[in-house]
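Residue numbers (the numbering used here), protein chains in the order written: chain A, 1155 to 1272; chain B, 21 to 134. Even glycine gets a Cβ: it sits at the ideal position worked out from N, Cα and C.
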Amino acid sequence: GAVVSQHPSWVICKSGTSVKIECRSLDFQATTMFWYRQFPKQSLMLMATSNEGSKATYEQGVEKDKFLINHASLTLSTLTVTSAHPEDSSFYICSVLPPRGQGSTEAFFGQGTRLTVV
Amino acid sequence: AQSVTQPDIHITVSEGASLELRCNYSYGATPYLFWYVQSPGQGLQLLLKYFSGDTLVQGIKGFEAEFKRSQSSFNLRKPSVHWSDAAEYFCAVGANFGNEKLTFGTGTRLTIIP
């Protein structure tokens, strides 16, 4: 069964509005989650590392005020795209890393969210 | 900084034929290497991974990959492809313990013809 649940699978929003994407870890408590962005026919680019109980770490070039990340619990991280514009249209994927000591070094990925801003 | 190169953007093979997808990496220490598969509109599924030990790694769905340090390569192979193998394949390298932060290659799209 799924280890990571990402919701919604797809969303269409108007330009200027905000969109929230949820990433839930179903099988374990995750102190660390990752958010990736994938443009059509391109690779995944890491946007930020979400840390439970602390501020997210953003990659260079990613606007932290535009892509708000909240990791309020050990099983949920949210990515909010604020004041979305058409250029934010993309495929967003979250990834969950099990805590160390659980015997797994595999990151599990959500099914992704297709965001279309019109 | 770590990087991954997948030289082939698109590969077409006949069903039943063998497959090899190329991956070259650049990393200053012992790399943690992965192959993921992505079906259209879906997330990523791990095929296999290499951390240490035997350089020939077996994965799911009949895939295997061989780590060659001298060539900085981690090519993915399958002896006989099935139509269901059509997808996008990503090679990735991770840092530190496991794959805390992954750097992905640009991907190779695999098309299977009857």
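Chain B beta carbons: is any one of them nearer than 8 Å to that of Thr1229 (chain A)? no
Give the range of the beta strand (DSSP E) segment to which Gly114 (chain B) is assigned. 107-114
Just mark Glu1241 (chain A) as buried or exposed, buried being the case when its beta carbon has 16 or more other beta carbons within 10 Å. exposed
Identify the contact partners of Phe142 (chain B) in chain A, using a Cβ-Cβ distance below 7 Å as the criterion. In the structure displayed, chain B extends from 21 to 134; residue 142 (chain B) sits before or after that span and is not available.
Whose C-alpha, out of A:Gly1170, A:Ser1249, A:Gly1266, A:His1239, is nearest the C-alpha of Thr1186 (chain A)? A:Ser1249
Residues in its own chain within less than 7 Å of Glu1222 (chain A) by CB, not counting five upstream and five downstream? Note that residue 1222 (chain A) corresponds to Leu in the displayed sequence, not to Glu. Cβ neighbours of Leu1222 (chain A) beyond the five flanking positions: Thr1234, Thr1236.
Segment limits, beta strand (DSSP E) that includes Ala1202 (chain A): 1198-1205
Three-state secondary structure assigned by DSSP to Gln1214 (chain A): coil
Phe1263 (chain A) vs Gly63 (chain B) beta-carbon contact at 8 Å: yes
Quick one: residues in its chain with C-beta nearer than 7 Å to the C-beta of Lys1174 (chain A), no 5 flanking neighbours on either side, listed in chain order? Thr1232, Thr1234
Identify the contact partners of Phe1263 (chain A) in chain B, using a Cβ-Cβ distance below 7 Å as the criterion. Gly63, Leu64
Does the distance from the CB of Leu1200 (chain A) to the CB of Phe1188 (chain A) come in under 8 Å? yes
Thr1232 (chain A) touches chain B at which residues, Cβ-Cβ below 7 Å? Going along chain B, no residue has its Cβ under 7 Å from Thr1232 (chain A), so there is no contact; the nearest lies around 17 Å.
Residues of the region 1177-1188 of chain A in Cβ contact with chain B at a cutoff of 8 Å, in chain order, please. Thr1186, Phe1188
Would you identify the three-state DSSP class for Ile1247 (chain A), choosing helix, strand or coil? strand
Going along the chain, which residues of its own chain have a beta-carbon closer than 6 Å to the beta-carbon of Pro114 (chain B), five neighbours each way excluded? The amino acid at residue 114 (chain B) is misidentified as Pro; the sequence shows Gly. Closer than 6 Å at Cβ, skipping near neighbours: Tyr52, Leu122.
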